[in-house]
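In the numbering used here, the protein residues as written are 381 to 742. Yeah, the Cβ is synthetic: ideal placement off N, Cα and C, and Gly gets one too. Since the structure comes first, as structure tokens, the remarks are kept for the end.
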Ligand code: F6P
């Protein structure tokens with residue numbers, strides 16, 4: 381007898397979610413399992429009237445889902461196990477009502493952290509990791525990172541052409557709440573002049589000194605080289621200051637939205653340098669077709685999740701470790717996030733990626 385598997389995507393969208401759903405459906409069809417899409421993440425199971433949240437997914441979705449960014453199952457930041465509003469009972473009721481044998485939750489530390497709690501309370505769940513920040517504990521890869529990196533690298537190159545024309549100091553803000561991987565590796569690939577990451581607080585004087593020194597060197601190379609690209613992670617901050625918040629809203633998991641640090645730094649630098657500009661890539665990093673890697677890994681994550689269900693291995697997340705697909709206990713997603721090792725990868729003097737020789741390919 382085939383199983384009925386519920387699939388949901390929670391948290392912020394990331395390129396690779398749809399290919400992962402397609403992978404689940406593809407593998408599930410091989411065993412005669414039915415896949416039920418649960419829309420808007422945990423919300424679908426946390427409310428009573430959820431008719432609009434439920435959709436059956438057959439193999440006909442694979443071709444379309446395999447190539448699309450975002451999530452066709454929609455996302456939300458609903459926390460079904462929050463202390464103020466614990467909806468575990470409703471989740472259990474809905475699982476029964478929909479006759480689901482198991483769930484596959486695709487998300488980051490919040491979505492999968494809630495999954496870990498529900499798993500302890502008896503819900504059979506497999507997790508699939510996603511976050512463009514690539515900071516999820518327990519796995520070396522999470523869906524969306526590769527696509528977002530490609531967007532950053534590409535946009536930094538575009539910005540450089542504009543910055544060159546106007547001889548500008550250009551702040552390019554990218555995502556990365558706690559971890560600076562996107563800024564560090566995107567900036568590295570784009571040969572950014574300065575990279576600012578959450579893991580290393582800096583002073584305005586230090587930033588000015590680095591830029592001034594670089595501008596002097598550039599002037600010596602030639603008049604038309606006098607421009608600078610600074611890739612700054614949204615969570616980067618000045619020593620002794622908080623991160624710059626986009627607004628005062630706080631989500632179900634207690635997080636506030638970050639955004640605007642690039643603009644803030646641009647304002648502070650305006651008084652010291654002639655011409656400064658700012659752009660934030662924001663959601664352009666997400667709502668974009670998944671890269672080859674995010675499609676391939678998403679598909680494989682989906683396949684592995686179904687195989688794990690077949691083996692009765694619930695309470696785990698599909699993960700990448702030492703470049704292999706493995707399973708790790710879901711609860712591990714609540715461990716400390718995987719941050720940039722500043723001593724190893726970041727040059728605090730140049731405020732940039734270390735450019736010492738390395739044999740690491742990634
Ligand atoms: O967690 C991933 C992430 O991309 C963070 O870098 C960012 O702070 C957050 O999502 C923003 O997401 P949203 O605006 O959808 O809440």
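The stretch 549-561 contacting the stretch 597-617, beta-carbon criterion three pairs below 8 Å: yes
Expected contact under 8 Å - CB spacing of residue 368 and residue 485 to nearest Å: In the structure displayed, the chain extends from 381 to 742; residue 368 sits before or after that span and is not available.
task: Within its chain, find whatever has a CB closer than 7 Å to the CB of residue 548; leave out the 5 residues flanking it on each side and keep chain order.
output: Mapped onto the chain shown, residue 548 falls at position 168. Same-chain partners within the cutoff: 607, 655, 656 and 657.
message: Classify residue 741: buried if its beta carbon has 16 or more other beta carbons within 10 angstroms, exposed otherwise.
response: Walking along the chain shown from the start, residue 741 turns up at place 361. Residue 741 comes out exposed.
task: Report the option in 681, 519 and 494 whose CA atom is closest to the CA atom of residue 468.
output: Stepping through the chain shown from its first residue, residue 468 is reached at position 88. Of the candidates 681, 519 and 494, the one whose C-alpha sits nearest the C-alpha of residue 468 is 494.
message: Checking 8 Å against the spacing of the C-beta atoms, do residue 722 and residue 579 come in under that value?
response: Along the chain shown, read from residue 1 onward, the residue named residue 722 stands at position 342. Along the chain shown, read from residue 1 onward, the residue named residue 579 stands at position 199. Yes, Cβ-Cβ distance for residue 722 and residue 579 is below 8 Å.
field: residue 572 versus 586, 739 and 551, residue with shortest Cα-Cα distance
entry: Looking up residue 572 in the chain shown gives position 192. Among 586, 739 and 551, the Cα nearest to that of residue 572 belongs to 551.
- prompt: What is the residue span of the alpha helix (DSSP H) that residue 563 lies within?
  reply: On the chain shown, residue 563 is found 183 positions in, with the first residue counted as 1. Residue 563 -> alpha helix (DSSP H) spans 561-569.
query: Unbroken beta strand (DSSP E) runs of length 3 or more, entirely within the stretch 493-566: which are they?
result: 505-509 and 549-554
message: Closer than 7 Å to a non-hydrogen atom of the ligand F6P - does that hold for the CB of residue 506?
response: Stepping through the chain shown from its first residue, residue 506 is reached at position 126. Incorrect: residue 506 has no Cβ contact closer than 7 Å to the ligand F6P.
- prompt: What number of angstroms, rounded off, separates the C-alpha of residue 640 from the C-alpha of residue 586?
  reply: Counting from 1 along the chain shown, the entry for residue 640 is found at position 260. Counting from 1 along the chain shown, the entry for residue 586 is found at position 206. Distance between the alpha carbons of residue 640 and residue 586 is about 20 Å.
message: Please classify residue 716 as buried or exposed, where buried requires at least 16 neighbouring CB atoms within 10 angstroms.
response: In the chain shown, counting from the first residue as 1, residue 716 sits at position 336. Flag for residue 716 reads exposed.
query: Below 8 Å between beta carbons: does that hold for residue 508 and residue 660?
result: On the chain shown, residue 508 is found 128 positions in, with the first residue counted as 1. On the chain shown, residue 660 is found 280 positions in, with the first residue counted as 1. No, the Cβ-Cβ distance between residue 508 and residue 660 is not below 8 Å.
query: What is the residue span of the alpha helix (DSSP H) that residue 404 lies within?
result: As a first step, residue 404 must be located in the chain shown, where it is residue number 24. Note, residue 404: alpha helix (DSSP H), 397-410.
task: For residue 645, verify whether its CB is less than 7 Å away from any heavy atom of the ligand F6P.
output: On the chain shown, residue 645 is found 265 positions in, with the first residue counted as 1. No, Cβ of residue 645 sits at least 7 Å from all heavy atoms of the ligand F6P.
query: What residues in its chain sit with their C-beta under 6 Å from that of residue 453, if we drop five residues either side in the sequence?
result: Within the chain shown, residue 453 is the residue found at index 73, counting from 1. 389, 417 and 419.
Secondary structure of residue 389, DSSP reduced to three states: Taking the chain shown and counting its residues from 1, one reaches residue 389 at position 9. Correct three-state label for residue 389: strand.
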